[in-house]
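Numbered per my numbering, the sequence shown spans residues 1 to 447. By construction, the Cβ of each residue, glycine as well, lies at the ideal position given by its N, Cα and C atoms. Just below is one structure, and these are the notes that go with it.
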Amino acid sequence: MAEGLEKEIMKYSFASSFTRLIWATMFFVLLLAIAGRVVFVTGAALSCSGWPFCIPTNSLGWLKFVHVTLAILSSLLMIWLFLKAWREQRDDRLLLPLTTVTTVLFFGQAFVGAIQVARNFPIHLVVLHALTAVALLISLIALAVISGSSAQDGKKFPNVDFRQRAHDFLILSKPLIVALLLVTTFGGLVMGGKAWPPLSLAFWTLVGGALAAGGSSALNQYIDRELDKNMQRTSQRPLAAGRMSAAEGLSFGLALCLASYYILAGFVNLTAALLSLAGIFYYVLFYSIWLKKATVQNIVIGGGAGAIPPMVGWAAAAGHLSLAAWILFLIIFMWTPPHFWALAIVRAKDYERAGVPMLPVVKGERETRLQILIYTFVLVGMTLLLSLIRATGIIYLVSAIVLGLLLIYAAWRVWKIPGNKVAWTMYRWSSMYLAFLFLALMIDAVV
Numbered sequence: 001m002a003e004g005l006e007k008e009i010m011k012y013s014f015a016s017s018f019t020r021l022i023w024a025t026m027f028f029v030l031l032l033a034i035a036g037r038v039v040f041v042t043g044a045a046l047s048c049s050g051w052p053f054c055i056p057t058n059s060l061g062w063l064k065f066v067h068v069t070l071a072i073l074s075s076l077l078m079i080w081l082f083l084k085a086w087r088e089q090r091d092d093r094l095l096l097p098l099t100t101v102t103t104v105l106f107f108g109q110a111f112v113g114a115i116q117v118a119r120n121f122p123i124h125l126v127v128l129h130a131l132t133a134v135a136l137l138i139s140l141i142a143l144a145v146i147s148g149s150s151a152q153d154g155k156k157f158p159n160v161d162f163r164q165r166a167h168d169f170l171i172l173s174k175p176l177i178v179a180l181l182l183v184t185t186f187g188g189l190v191m192g193g194k195a196w197p198p199l200s201l202a203f204w205t206l207v208g209g210a211l212a213a214g215g216s217s218a219l220n221q222y223i224d225r226e227l228d229k230n231m232q233r234t235s236q237r238p239l240a241a242g243r244m245s246a247a248e249g250l251s252f253g254l255a256l257c258l259a260s261y262y263i264l265a266g267f268v269n270l271t272a273a274l275l276s277l278a279g280i281f282y283y284v285l286f287y288s289i290w291l292k293k294a295t296v297q298n299i300v301i302g303g304g305a306g307a308i309p310p311m312v313g314w315a316a317a318a319g320h321l322s323l324a325a326w327i328l329f330l331i332i333f334m335w336t337p338p339h340f341w342a343l344a345i346v347r348a349k350d351y352e353r354a355g356v357p358m359l360p361v362v363k364g365e366r367e368t369r370l371q372i373l374i375y376t377f378v379l380v381g382m383t384l385l386l387s388l389i390r391a392t393g394i395i396y397l398v399s400a401i402v403l404g405l406l407l408i409y410a411a412w413r414v415w416k417i418p419g420n421k422v423a424w425t426m427y428r429w430s431s432m433y434l435a436f437l438f439l440a441l442m443i444d445a446v447v
């Protein structure tokens with residue numbers, strides 16, 4: 001055993017400048033952690049009020065000066081490491097994602113540390129700060145170990161068109177889906193507070209929600225990158241088309257998801273942050289990895305992921321969930337099947353070619369059209385529950401009835417008229433239906 005360990009150690013190399021930079025970064029981060037603890041225990045943080053530097057007048061002042069200096073040096077090294085990884089390790093599925101996550105953890109810990117002081121050390125931020133410190137240490141050690149065995153300098157990658165890269169990252173986040181999810185998030189925010197929310201709360205809730213939705217979408221495309229190659233609708237996505245490496249897609253998705261949690265936990269509240277995290281896990285692990293290829297009920301069960309954003313908004317405004325918030329969840333949960341089944345009718349050959357058991361592929365187009373009609377009736381009935389429990393007023397009730405009748409008419413046409421044209425109309429109209437419904441909710445809540 002000792003001989004095997006000795007051989008593994010002999011394989012380790014410091015020849016790579018990337019590996020050496022990791023060790024230097026880890027050294028300064030450890031010094032920063034020690035200095036930060038000493039500053040906290042001694043109360044040196046209060047000895048000098050200048051930022052980022054002040055002129056020390058005593059030993060405690062010098063302690064704070066050293067801590068701030070180490071923080072700046074560690075930050076610069078971490079940024080250098082991050083940029084070097086994205087320049088030299090773009091195709092490494094371990095080093096690039098791990099470096100990216102480590103960078104987010106580092107700045108996430110600094111962010112939480114500052115926020116917890118400003119907010120008088122709420123317990124959830126204290127715990128998050130401690131857990132982030134542990135995760136950061138583990139990720140740095142893992143990065144150092146993996147890098148010494150695999151990192152290489154001098155890799156040649158094609159020159160990138162930065163405009164194209166920016167466009168690809170945007171496509172990776174599925175901006176149209178993100179926009180619709182933000183409408184429902186804002187609707188929950190307004191309903192939960194029964195008023196237009198404060199600008200800062202709305203801003204950070206929507207930023208956190210956008211990062212969570214965009215990151216989840218990027219991870220979904222990373223998981224589906226081979227499947228997407230077989231579908232006309234998705235074959236030109238950045239990962240499927242090869243314009244971006246799998247490591248880049250994975251790194252981008254992980255970074256956005258992590259950042260979203262820190263923003264929501266720091267600027268909004270713990271309930272909203274945990275709900276958003278649950279949505280990420282639901283969509284990425286439960287739906288993308290398991291459900292999508294496992295069962296014809298993939299869209300039915302998977303609809304729960306897209307139904308969480310209005311609950312995030314509600315929790316952001318109210319700090320808790322009520323019965324009305326759960327009805328918002330059920331509305332989107334029931335909206336998802338007829339919306340995506342309409343698309344599945346249009347793209348049935350794509351799904352069949354990719355081996356995805358969507359309802360038109362497994363049960364046939366006729367059964368799918370019938371299910372769209374049935375689910376639409378249930379959906380419209382669900383929207384009226386908010387008025388039944390007196391959570392909304394007359395503006396919403398009239399809007400829900402009118403919009404519901406229009407959606408039922410669209411679904412009835414899908415059932416009665418064959419062909420893709422009416423199915424595509426149903427798909428497009430159902431998106432507008434949801435947006436208009438939540439607009440009516442917001443107007444009703446503030447009038």
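message: Tell me which residues share the same chain as L21 and place their Cβ nearer than 6 Å to its Cβ, disregarding the 5 neighbours each side in the sequence.
response: Reading the sequence shown from its first residue, position 21 is the one you call residue 21. For L21, same chain residues with a beta-carbon under 6 Å away, outside a window of 5 residues either side, are L81 in chain order.
query: Quick one, which of I141, V268, Y396 has its alpha-carbon nearest V101's?
result: Against the sequence shown, residue 101 aligns to sequence position 101. Distances from the alpha-carbon of V101 to those of I141, V268, Y396 put I141 closest.
query: Can G313 and G187 be called in contact, C-beta distance under 8 Å?
result: The sequence position of residue 313 within the sequence shown is 313, counting from 1. The sequence position of residue 187 within the sequence shown is 187, counting from 1. Yes, these two residues count as a Cβ contact at 8 Å.
query: Helix, strand or coil: which one does DSSP assign to L5?
result: If you number the sequence shown from 1, residue 5 lands on position 5. In this predicted model, L5 has a pLDDT of only 48, less than 50, meaning its place in the structure is not dependable; the value taken from the coordinates is given anyway. Helix at L5.
- prompt: Smallest Cα separation from F438: which of T425, I327, T376, T368?
  reply: Indexing the sequence shown from 1 puts residue 438 at position 438. Closest in C-alpha terms to F438, from the list T425, I327, T376, T368, comes I327.
query: Helix, strand or coil: which one does DSSP assign to S16?
result: As a position in the sequence shown, residue 16 is number 16, starting the count at 1. In the structure shown, S16 sits in coil (DSSP, three-state: anything other than H, G, I, E or B).
query: Using a threshold of 7 Å, is the CB atom of M191 nearer than that to any non-hydrogen atom of the ligand MN?
result: With respect to the ligand MN, the structure shown offers nothing to examine, as it has no ligands at all.
- prompt: Is the stretch 382-401 in contact with the stretch 336-347, if contact means three or more CB pairs nearer than 8 Å?
  reply: No: fewer than three Cβ pairs fall under 8 Å.
- request: Along the alpha helix (DSSP H) that carries L277, what are the first and last residues, could you check?
  value: Here residue 277 is taken as the residue at index 277 of the sequence shown, counted from 1. For L277, the enclosing alpha helix (DSSP H) covers residues 270-281.
- prompt: Under 8 Å, do V361 and W196 count as touching if we go by C-beta distance?
  reply: As a first step, residue 361 must be located in the sequence shown, where it is residue number 361. As a first step, residue 196 must be located in the sequence shown, where it is residue number 196. Contact flag unset, no.
query: By DSSP, does M358 sit in helix, in strand, or in coil?
result: Translated into positions along the sequence shown, residue 358 becomes position 358. Look at M358 here: in three-state DSSP terms it is coil, with no helix or strand label.
task: Go to Y262, then tell me how far its alpha helix (DSSP H) extends in each direction, as first and last residue.
output: The sequence position of residue 262 within the sequence shown is 262, counting from 1. Following the DSSP letters along the chain, one finds Y262 inside the alpha helix (DSSP H) bounded by residues 246-263.
task: Could you tell me the distance, in whole angstroms, from the CA atom of L5 to the CA atom of S16?
output: Stepping through the sequence shown from its first residue, residue 5 is reached at position 5. Stepping through the sequence shown from its first residue, residue 16 is reached at position 16. With a pLDDT of only 48 at L5, under the threshold of 50, the placement of this residue in the model should not be trusted, and no figure is reported.
message: When you compare the stretch 221-240 with the stretch 281-296, are there three or more beta-carbon pairs, one atom per stretch, that lie closer than 8 Å?
response: Touching, yes.
message: Just to confirm the assignment, what range does the alpha helix (DSSP H) spanning A307 have?
response: Residue numbering aside, residue 307 sits at position 307 when the sequence shown is read from its first letter. Secondary structure note for A307: it is in no alpha helix (DSSP H), with a DSSP letter that is neither H nor E.
- prompt: Looking only at C-alpha atoms, which of L172, G43, I408 sits nearest to H339?
  reply: For the purposes of this step, residue 339 is taken as the residue at position 339 of the sequence shown. For H339, the closest C-alpha among the options L172, G43, I408 is that of I408.
- request: Would you identify the three-state DSSP class for D92, choosing helix, strand or coil?
  value: The count along the sequence shown starts at 1 and reaches residue 92 at position 92. In the structure shown, D92 sits in coil (DSSP, three-state: anything other than H, G, I, E or B).
field: Contacts around S139, its chain only, beta-carbon distance under 8 Å, and the 5 residues preceding and following it disregarded
entry: Indexing the sequence shown from 1 puts residue 139 at position 139. Cβ neighbours of S139 beyond the five flanking positions: L98, V101, T102, L105.
- prompt: Can you tell which of K194, N58, H67 has its C-alpha closest to the C-alpha of F40?
  reply: The count along the sequence shown starts at 1 and reaches residue 40 at position 40. Residue H67 is the option with its Cα nearest to F40.
- request: Pair every Cβ in the stretch 259-274 with every Cβ in the stretch 112-131, then say whether three or more of these pairs are closer than 8 Å.
  value: Here the stretch 259-274 makes contact with the stretch 112-131; the two share three or more CB pairs at distances below 8 Å.
message: Only counting the same chain, and skipping five residues up and downstream in sequence, which positions put a Cβ closer than 6 Å to that of L442?
response: As a working note, residue 442 is residue 442 in the sequence shown. Checking the displayed sequence, the identity of residue 442 turns out to be Met instead of Leu. Close CB contacts of M442 within its chain, under the 6 Å cut and outside five residues either way in sequence, are with G187, V190 (chain order).
query: Under a three-way DSSP split, which group does V447 fall into?
result: By 1-based counting over the sequence shown, the position of residue 447 is 447. In the structure shown, the three-state DSSP call for V447 is coil.
- request: Specify the secondary structure class of K421 as computed by DSSP and reduced to three states.
  value: As a position in the sequence shown, residue 421 is number 421, starting the count at 1. Helix at K421.
message: If I measure Cβ to Cβ from T132 and keep anything under 8 Å in the same chain, skipping five residues before and after, which residues do I get?
response: Translated into the one-based positions of the sequence shown, residue 132 becomes position 132. Excluding positions up to five away in sequence, the list reads L105, G108, Q109, V112.
query: Roughly how many angstroms separate the alpha carbons of R428 and L181, rounded to a whole number?
result: For the purposes of this step, residue 428 is taken as residue 428 along the sequence shown, with counting starting at 1. For the purposes of this step, residue 181 is taken as residue 181 along the sequence shown, with counting starting at 1. Computed Cα separation, rounded: 15 Å.
message: I need the straight-line Cα distance from R165 to E248, nearest angstrom please.
response: For the purposes of this step, residue 165 is identified with residue 165 of the sequence shown, where counting begins at 1. For the purposes of this step, residue 248 is identified with residue 248 of the sequence shown, where counting begins at 1. About 11 Å.
task: Scan the stretch 97-172 and note each continuous alpha helix (DSSP H) run of 4 residues or more that stays entirely inside, going in chain order.
output: The qualifying runs are 123-150, 162-172.
- request: Determine the burial state of M432: buried for a count of at least 16 other Cβ atoms within 10 Å of its Cβ, exposed for fewer.
  value: Start at 1 with the first residue of the sequence shown, and residue 432 comes out as number 432. Its Cβ having fewer than 16 others within 10 Å, M432 is exposed.
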